[in-house]
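Q: The structure's right below; bear with me while I get my questions together.
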Amino acid sequence: MGVLNVTPDSFSDGGRYLDPDAAVAHGAALFAAGADIVDVGGESTRPGAAPVDPDEEAARVVPVVAALAPLGRVSIDTRRAEVAAAAIAAGATLLNDVSASLHEVAADLGVGWVAMH
Numbered sequence: 005m006g007v008l009n010v011t012p013d014s015f016s017d018g019g020r021y022l023d024p025d026a027a028v029a030h031g032a033a034l035f036a037a038g039a040d041i042v043d044v045g046g047e048s049t050r051p052g053a054a055p056v057d058p059d060e061e062a063a064r065v066v067p068v069v070a071a072l073a074p075l076g077r078v079s080i081d082t083r084r085a086e087v088a089a090a091a092i093a094a095g096a097t098l099l100n101d102v103s104a105s106l107h108e109v110a111a112d113l114g115v116g117w118v119a120m121h
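Sequential numbering from 5 applies to the sequence shown in the numbering used here.
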């Protein structure tokens with residue numbers, strides 16, 4: 005699994021992929037390098053990170069998911085049902101749930117579910 009943080013404050017990449025074009029290019033490179041799944045997240049979960057408005061989170065991830073879905077399996081990394089639903093509608097087939105509470109959303113939408121805690 006390749007991790008793609010579409011955030012300005014990621015602890016792992018320092019916000020390099022906030023720009024959608026940069027995010028899509030990196031996701032495509034992850035698939036080309038052999039990633040079976042690219043996990044797209046639009047809200048940092050690092051300690052002390054400020055919460056992101058759900059509309060902003062969706063605006064960050066949905067275009068990236070839509071562009072990457074034709075290239076391979078995409079997961080959405082979120083704690084919000086509305087963001088998960090939007091990303092799944094855009095082509096994500098796996099819900100990486102950092103709240104471990106969205107199992108019903110995943111079941112209702114017919115996608116896989118990974119519970120994080």
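For each residue, glycine too, the CB sits at the ideal point set by N, CA and C.
DSSP has I80 in a bridge; who is on the other side?
A: As a first step, residue 80 is located in the sequence shown; it is residue number 76 there, counting from the start. Beta-bridge pairing links I80 to V44, L99.
Q: Return the residue from the list A37, P74, P58, A110 that minimises the CA-CA distance to G45.
A: One-based indexing of the sequence shown puts residue 45 at position 41. Out of A37, P74, P58, A110, the CA that lies nearest to the CA of G45 is found in P58.
Q: Taking R84 as the reference, give the member of V78, A71, L99 with the closest Cα.
A: Translated into positions along the sequence shown, residue 84 becomes position 80. Out of V78, A71, L99, L99 has the C-alpha closest to the C-alpha of R84.
Q: If we ignore side chains and look at the alpha-carbon of each, how far apart do P74 and W117 end up?
A: The count along the sequence shown starts at 1 and reaches residue 74 at position 70. The count along the sequence shown starts at 1 and reaches residue 117 at position 113. The straight-line gap from Cα to Cα measures roughly 20 Å.
Q: Work out the CA separation of P12 and R20 for me, nearest whole Å.
A: Sequence index remark: in the sequence shown, residue 20 carries index 16 (1-based). Sequence index remark: in the sequence shown, residue 12 carries index 8 (1-based). Taking the straight line from one Cα to the other gives about 7 Å.
Q: Out of V65, L113, L72, which has the shortest C-alpha to C-alpha gap to T2?
A: Absent from the model: residue 2. The displayed extent of the chain is 5 to 121, so no value can be given.
Q: Is it buried or exposed for S16, if we count other Cβ within 10 angstroms and need 16 for buried?
A: Counting from one through the sequence shown, the residue named residue 16 turns up at place 12. That one is exposed.
Q: G6 CB to nearest chain D CB: under 7 Å?
A: Any reference to chain D falls outside this structure, which holds one protein chain only.
Q: State the DSSP-derived secondary structure class of L72, mapped to helix, strand or coil.
A: Stepping through the sequence shown from its first residue, residue 72 is reached at position 68. In the structure shown, the three-state DSSP call for L72 is helix.
Q: By a C-beta neighbour count over all protein chains shown, 10 Å radius and 16 as the cutoff for buried, is D25 buried or exposed?
A: Position 21 of the sequence shown, counting from 1, holds the residue named residue 25. Its Cβ having fewer than 16 others within 10 Å, D25 is exposed.
Q: Considering only the alpha carbon of each residue, which of A39, A36, R50 lies closest to V102?
A: Counting from one through the sequence shown, the residue named residue 102 turns up at place 98. Minimum Cα distance to V102 is reached at R50.
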